[in-house]
Amino acid sequence: MSKLKYTQPDEMGFYGEFGGAYIPELLRPNIEELQANFDLLATDEEFQAEFKNLLADYVGRPTPLYLSKKMTAEFGCPIYLKREDLNHTGAHKINNAIGQILLARKMGKTEIVAETGAGQHGVATATVCALMNMKCIVYMGEKDIERQAPNVQRMKFLGAEVVPATSGSKTLKDATNEAIRHWINNPTAYYLIGSVVGPHPYPEMVTSFQAIISKEIKMQLKEKTGIEIPTKVIACVGGGSNAAGAFFEFYEHEEVELIAVEASGLGNETGHSAATSVLGRPGVLHGSLTLLMQDEYGQVTEPYSISAGLDYPGIGPLHAHTIEIGRTKSISVTDQEALTAAKKLTIEEGIIPALESAHALASLYKIEFKSNDVVVINLSGRGDKDMKTYTNVGF
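For reference, each letter of the sequence shown is one residue, going 6 to 400 in the working numbering.
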């Protein structure tokens with residue numbers, strides 16, 4: 006089989022110049038064990054069958070591909086929403102959590118550690134740990150614990166131990182630091198990472214589990230329109246797992262425009278932004294070389310976004326590579342633009358989106374459309390978790 010141009014890293018885990026495994030020697034055996042077991046999955050029929058069955062019967066896949074008639078009328082071309090918000094636990098994160106918990110069980114692991122920002126990955130991890138009767142420890146920034154309280158309650162109710170990260174900005178970056186530190190100190194644990202970040206093979210592995218999103222989009226478009234390839238696919242990006250899943254099947258179709266939407270917070274010139282592809286430059290974060298927001302001395306600068314899931318100073322190496330070479334286009338959206346888009350979808354469609362997904366929706370006003378465009382937006386999660394923020398801003 007020939008190597009895929011965009012989505013398949015080299016043997017060292019690099020997508021172009023980005024990726025790799027920059028890890029302490031203490032974790033080298035863990036990464037080698039993980040790689041060896043991940044490599045077996047493609048031909049493991051029992052694993053694939055159980056993964057497929059759980060996605061269908063437990064998660065509730067396939068998620069609908071919904072044609073928004075109001076947005077279609079407004080923008081002059083078909084606008085579809087891929088309804089990942091309708092998954093069990095309320096977001097795309099459960100796809101990856103199911104895949105990794107099955108892998109962890111196959112490896113004989115019984116203790117799971119994870120990080121979370123918006124809380125959706127934490128909830129998904131706590132959910133699958135309850136399903137598989139495994140111990141679950143979730144690190145979450147102290148700031149995010151406050152602004153995503155409903156998800157914290159869900160994690161605890163599911164039996165997870167939620168540990169606050171109290172250093173730095175007290176958000177996702179710091180939760181990831183603490184989760185990796187826990188893994189170093191407890192090498193028999195399994196680190197269930199939530200995005201397409203971290204040392205190889207995590208970016209490739211998370212992408213493979215999330216690829217179900219774009220596989221379904223192709224099938225559903227074929228059923229609805231007779232064609233399976235859209236002209237544009239739009240997804241929000243923090244680390245970028247929902248975008249990697251939504252883009253996966255279309256990377257090699259270069260006629261499809263892939264649009265990654267980042268959070269520019271209060272504006273890219275204000276010092277309060279999380280638009281890594283605009284403000285970042287190559288650097289190492291959480292075990293991989295990627296685009297990273299940093300100062301002149303190489304120290305990570307604190308990102309900002311009203312959205313906890315996009316409040317991250319880096320971006321997955323696959324996205325860093327495809328943005329750098331022009332295969333993926335990046336757009337940044339402010340807090341206020343995202344809030345406006347969230348309210349509009351809620352009022353007009355009766356769908357309350359997660360703040361992360363609202364950034365993808367807001368990008369529609371920054372894109373030129375043609376009447377023959379077919380557009381898919383990945384609605385990565387629902388907004389239950391963000392009701393406190395929406396209420397505080399007078400939503």
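Glycine included, every Cβ here is placed at the ideal spot set by N, Cα and C.
query	result
Nearest to Pro67 by alpha carbon, out of Arg387, Lys57 and Gly314?	Lys57
Give me the Cα-Cα distance between Gly21 and Ser376, rounded to the nearest whole angstrom.	35 Å
Have a look at Ser213 and Glu254 and give me their C-alpha separation to the nearest angstrom.	10 Å
Starting from Ala268, follow its DSSP beta bridges and name the residues at the other end.	Val338
Between which residues of its own chain and Gly292 is the CB-CB distance below 7 Å, once the five residues before and five after are set aside?	Ala26, Tyr27, Ile28, Gly203 and Pro204
Using only the alpha-carbon positions, how far apart do Ser219 and His97 sit?	12 Å
For a test of the three-state rule: what should DSSP assign to Tyr395, helix, strand or coil?	helix
Which term fits Ile330, buried or exposed, when burial requires 16 or more other beta carbons within 10 angstroms of its beta carbon?	exposed
Can you tell me whether Glu373 is buried or exposed, with buried defined as 16 or more other CB within 10 angstroms of its CB?	exposed
Return the chain-ordered list of same chain residues with a C-beta closer than 6 Å to the C-beta of Ile217, the five sequence neighbours on each side being excluded.	Asn100
Using a Cβ distance threshold of 8 Å, determine whether the region 112-122 contacts the region 136-155, with at least three qualifying pairs required.	yes
Tell me whether Ala47 is buried or exposed, calling it buried when 16 or more other Cβ atoms sit within 10 Å of its Cβ.	exposed
Would you kindly work out how many angstroms separate the C-alpha atoms of Lys237 and Lys349, rounded to a whole number?	21 Å
Considering only their Cβ atoms, is the gap separating Val266 from Ile84 smaller than 7 Å?	no
Give a yes or no on whether the C-beta atoms belonging to Leu296 and Ala325 are separated by under 7 Å.	yes
Considering only DSSP beta bridges, list what Ser293 is partnered with.	Leu290
In chain order, what residues of the same chain lie with their CB nearer than 6 Å to the CB of Asp371, ignoring the 5 residues before and after it?	The residue you asked about is not Asp; residue 371 is Lys in the sequence shown. Once the five neighbours on either side are set aside, the close Cβ partners of Lys371 are Ile336.
When DSSP labels each residue in this structure, what does Arg387 get in the three-state scheme?	strand
Go to Gly146, then tell me how far its beta strand (DSSP E) extends in each direction, as first and last residue.	Lys140 to Gly146
I want to know whether the region 180-188 touches the region 350-359 - three or more CB-CB distances under 8 Å.	no
On the criterion of 16 or more Cβ atoms from any shown chain inside 10 Å, does Pro192 qualify as buried, or is it exposed?	exposed
Looking at Lys148 and Lys111, is the spacing between their C-beta atoms short of 7 Å?	no
By the three-class DSSP mapping on this structure, what secondary structure does Ile320 have?	coil
DSSP beta-bridge partners for Thr333?	Leu263
Can you tell me where the beta strand (DSSP E) with Ala170 in it begins and where it stops?	Glu166 to Ala170
Round the Cβ separation of Tyr195 and Ile117 to the nearest angstrom and send it over; I've been treating them as touching at under 8 Å.	5 Å
Could you tell me whether the region 148-161 touches the region 275-290, where touching means 3 or more Cβ pairs closer than 8 Å?	no
In the DSSP output, what is His277 paired with across the bridge?	Gly272
What separation, rounded to the nearest whole angstrom, lies between the Cα atoms of Lys229 and Ile36?	42 Å
Could you spell out the range, first to last residue, of the alpha helix (DSSP H) harbouring Thr212?	Tyr207 to Gln215
If we count the other Cβ atoms within 10 Å of its Cβ and call it buried at 16 or more, is Leu369 buried or exposed?	buried
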